[in-house]
Amino acid sequence: LWEHHAQGFGNTVAYSQQDTTLCMDLLCMEFSGVGKGDFREPMLELTQENGCVVTDFRCRAHRVYAGKAEIPGMPSAHGDCDTLEMTLDDPVSGASVILFYHVFSDCDIITRHMAVTAGEKPLVLHRTMSFQLDLPESGYSLTSFHGAWAREMQPANIRLVPGRYQSDSKTGTSSNQSNPFFMVETPGCTEAQGGCYGFNLVYSGNHCEIAEVNAFGRTRLLSGISPFCFQHSLAVGERFDTPEAVLTYSPAGRAGVSRNMHHFVREHIVRGVWQYRRRPVLVNSWEASYFDISEDKLVAQAKAAKALGAELYVVDDGWFGRRDDDTSSLGDWVENPKKIPSGLQGLAQKFAEIPMAMGLWIEPEMVNPDSDLYRKHPDWALAVSGTHPSMGRNQLVLDLSRDEVCDYIIARIVALIGSAGIAYVKWDMNRCLSDICSGEESHNSDFYHRYTLGYYKIAKAITCSFPKVLFEGCSGGGNRFDLGILCDMPQIWITDNTDAHCRVAIQTGAGYGYPQSVMGAHVSACPNHQTGRVTPLATRFAVAAFGLLGYELDVTKLGGEESVAIREQIAFYKEYGELLQFGNSRRLEFSNDNYTGWIVISHDQKEAIALLYQRCYLPNQPSPILRLPGLLPEQRYTVRELAPNGQQCVANGDLLAYAGMRLNRIAPAAGQGEGLLVLPDFGAALYHIQVSRE
Ligand code: GLA
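Quick look at the structure:
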């Protein structure tokens, strides 16, 4: 493995006087500082009191042991692993660094983080990345995931050329603009073959991923807290820990990386009683009623939801304070007696009589200027003293860097959840941070990170107080969709966009790094409220079934056929819930991008469900071929199209993977036909695959 270097070249800088061939710029390094001849992006940047930025960290010791410790104040992976710790000392700054490597061999993942401790001199940290990985070659391409509200997780692929590529967030959250998950592909890598690296970060604040190809054809990868607006002072002897990064490699292409990441998230990120428990089918009040909710309406909705087979009814925004629109009451977490005269407890009682589990929406990190909380504590909201803070959705952000604010939120929300029989909490966070200026001046130089730590403090305290309650993270959909959230909350509402056509792309993007068991996915009414698009109910369900199913429409106003269809959908989802939520999911490949498909396979590979989605019907085209990878090659399976008169075939796993099933389609205009699939615009079909008894 060791690369011998023969000489330094030209104007490179020799690290050591004894060995003039030892030039750091030529090497693959595990850790890089500043000022000793490695001219690439460093893992650590600091200054001493005298302004000196040079560091010269050298390995002093290492130890290997089983298990891992928690990272103070931050979430991190759990479960069986082996750890390597390397301790590095720097005679220049007096600081020391510990590099942690945790090996999770069950899913081919190594997690890494770094701890920096000041020695006898105080320091200011400017950049503390969670990992550095130097690949010996270049020619890779990088896929990162970008977007905006309602358009999350869109992949962008670039070829890495000499120079630097950076993907990051500066919003104070992991953000819908740039997710911390990314992949680096070796030349020729495809969906199912070729070397592919995958990376993620267990962090919910500003993050940064850097890829640099240097003059000598090495590729450096770094990820961690964004250095943007980050200056962290370390007093003598004080320690700073970075968040944990997640690294994997697979020779089986992007699908191999996804598989490792999915396994890792299910086994080592999500925890608690809901880790492996099938999540309830829910109905949510938001797109049904928005702010116009009332006790009578909610009870009627919950009864109708029960009749459809749903297991949980979520009272979304609008139940508290005087909140009739988004201009008031965030912070006043007390039910509105006009809307809910029996109070939350009384409402929960009525739900219990149905019986229907009750869920509740909260947004604990926020405050409206028009709220009792703001009137009492205006200084708790982020603002630069003497100026008007910038608003987002008419609301301000509470200063979670301050203990008293966090303590108040914890006490208030714990009292709220404990006050009624609440089974589920949707934890929203609807704006990006601005005016990041704390009343505590000492918090300002690394405010974004302190905010994130404050969030972790309240999230942990509140979720740990209610171990049986199911928490779902949400941030205007997927503005904070990351592994940090998933350590405290087992699922996230990944997008506010409930249009099935858009969701196919969003769920596909998210699926590269995250399993179906963490993605909330709802069926809503048509025309869709975000896009105005009309898609078949069957498609809306088929797409949402590849996530944690919910309905977000007025279930008291369904037509007869719709009710029957939804009742059947929910029954189907409950029957296959374990498989759909916790199975191994993969993307299917087609010869043209008019189609998208997914398959989710049981862990014993005896059963699977696949989805075929068609963007639009094109006449006179060959029918699609449904290739189903990931089944046992020698095993015989029966594949059944779940549609009236659906096609059926019996074939071995290898034939299904490579030759595939030829689908017999018929034009939507031609009506129905025996064994023929009618697939209109935005049409979808589901396939059930099971070990054949024939
Ligand atoms: C955000 C969420 C929605 C809904 C609204 C309520 O936008 O993502 O699902 O809860 O807030 O205001």
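Residue numbers (this note's numbering): 1097 to 1790.
Using N, Cα and C, we set each Cβ at its ideal position, and we do this for glycine too.
Asn1356 - DSSP class collapsed to helix/strand/coil: In the structure shown, the three-state DSSP call for Asn1356 is helix.
Distance between beta carbons of Asp1121 and Gly1133, contact taken as under 8 Å: Taking the Cβ atoms as the reference, Gly1133 lies roughly 6 Å from Asp1121, within the contact range of under 8 Å.
Three-state secondary structure (DSSP) of Leu1123: Judged by DSSP in its simplified three-state form, Leu1123 adopts coil rather than helix or strand.
Arg1367 versus Cys1560 - alpha carbon distance: Spanning the two alpha carbons is a distance of roughly 11 Å.
Extent of the continuous alpha helix (DSSP H) to which Phe1637 belongs: Counting along the chain, the unbroken alpha helix (DSSP H) around Phe1637 starts and ends at 1633-1640.
Whole-number beta carbon distance between Ser1240 and Ser1263, since they are thought to touch under 8 Å: About 4 Å separates the beta carbons of Ser1263 and Ser1240, which is inside the 8 Å limit, making them a contact pair.
3-residue-minimum beta strand (DSSP E) runs that sit fully inside the region 1398-1472, ordered along the chain: The region 1398-1472 contains these whole beta strand (DSSP E) runs: 1408-1411, 1453-1458.
Which listed residue (Phe1567, Thr1117, Arg1335) has its alpha carbon closest to that of Val1369: Closest in alpha carbon position to Val1369, among Phe1567, Thr1117, Arg1335, is Phe1567.
Counterpart residues of Cys1796 in DSSP-defined beta bridges: Residue coverage of the chain in this structure runs from 1097 to 1790, which leaves residue 1796 outside it and unanswerable.
Inter-residue spacing [alpha-carbon to alpha-carbon] between Lys1670 and Ile1762: Between the C-alpha atoms of Lys1670 and Ile1762 there is a straight-line separation of about 31 Å.
Residue closest to Val1480, alpha-carbon to alpha-carbon, out of Cys1533, Lys1435, Gly1514: Among Cys1533, Lys1435, Gly1514, the Cα nearest to that of Val1480 belongs to Cys1533.
C-beta contact flag for Ala1448 and Tyr1409 at 9 Å: Going by C-beta atoms, Ala1448 is not nearer than 9 Å to Tyr1409.
Where Thr1286 falls, given that 16 or more other Cβ within 10 Å makes a residue buried: Answer is exposed; the Cβ neighbour count stays below 16.
Spatial neighbours of Arg1629 in its chain, beta-carbon cut-off 7 Å, leaving aside the 5 residues before and after: So the list reads Asp1595, His1597, Pro1623, once near-sequence residues are dropped.
Distance cut-off 8 Å: Cys1570 Cβ against heavy atoms of the ligand GLA: It does: the Cβ of Cys1570 is within 8 Å (strictly closer) of some heavy atom of the ligand GLA.
For Gly1607, the first and last residue of its enclosing alpha helix (DSSP H): Run containing Gly1607: 1596-1607, per the alpha helix (DSSP H) assignment.
Beta-carbon proximity list for Phe1326, same chain, < 6 Å, skipping 5 on both sides: Cβ within range, chain order: Asp1542.
Near the ligand GLA: Lys1556 beta-carbon under 8 Å from a heavy atom: Outside the cutoff, so no.
Spatial distance of Asp1578 from Val1639 (CA atoms): About 21 Å.
Beta-carbon proximity check, Ile1458 vs Trp1429, cutoff 9 Å: The answer is yes: Cβ separation under 9 Å.
Top-ranked residue by Cα proximity to Asp1388, from Gln1626, Val1199, Val1411: The candidate whose alpha carbon is nearest that of Asp1388 is Val1411.
Spatial distance of Leu1394 from Leu1378 (CA atoms): One Cα belongs to Leu1394, the other to Leu1378, and the distance between them is close to 13 Å.
C-beta contact flag for Phe1637 and Val1619 at 9 Å: The Cβ-Cβ distance between Phe1637 and Val1619 falls below 9 Å.
Buried or exposed by the 16-neighbour rule on C-beta atoms within 10 Å, applied to Cys1712: It is exposed - the Cβ of Cys1712 has fewer than 16 other Cβ atoms within 10 Å.
Cβ pair count under 8 Å reaching 3, the region 1720-1736 against the region 1753-1771: Flag = yes, the region 1720-1736 and the region 1753-1771 touch.
Straight-line gap, Glu1281 to Ser1681 (C-alpha atoms, nearest Å): Distance between the alpha carbons of Glu1281 and Ser1681 is about 20 Å.
Neighbourhood of Ala1162 by C-beta distance below 7 Å, restricted to the same chain and skipping five residues each side: Excluding positions up to five away in sequence, the list reads Asp1178.
Of the listed residues Leu1649, Leu1633, Ser1497, nearest to Glu1657 (C-alpha basis): Nearest of Leu1649, Leu1633, Ser1497 to Glu1657, Cα basis: Leu1633.
Coil, strand or helix - Leu1759 by DSSP: Three-state DSSP puts Leu1759 in coil, outside helix and strand.
Inter-residue Cα distance where the pair is Gly1405 and Trp1382: Taking C-alpha positions only, Gly1405 is separated from Trp1382 by approximately 19 Å.
Three-state secondary structure (DSSP) of Trp1382: Trp1382: helix per DSSP, three-state reduction.
With 16 other Cβ atoms within 10 Å as the buried cut-off, status of Ile1590: Buried, by the Cβ-count rule.
Nonlocal neighbours in the same chain, by C-beta distance under 7 Å from Gly1616, ignoring five residues either side: Contacts found: Glu1568, Gln1587, Ile1588, Trp1589, Ile1590, Gly1643, Leu1644, Gly1646.
Among Gly1769, Ala1753, Lys1399, the one whose alpha carbon lies nearest that of Asn1741: Of the residues Gly1769, Ala1753, Lys1399, the one whose Cα lies closest to the Cα of Asn1741 is Gly1769.
Extent of the continuous beta strand (DSSP E) run through Ile1588: For Ile1588, the enclosing beta strand (DSSP E) begins and ends at 1587-1589.
Inter-residue spacing [alpha-carbon to alpha-carbon] between Leu1297 and Gly1573: Their backbone Cα atoms lie some 19 Å apart in a straight line.
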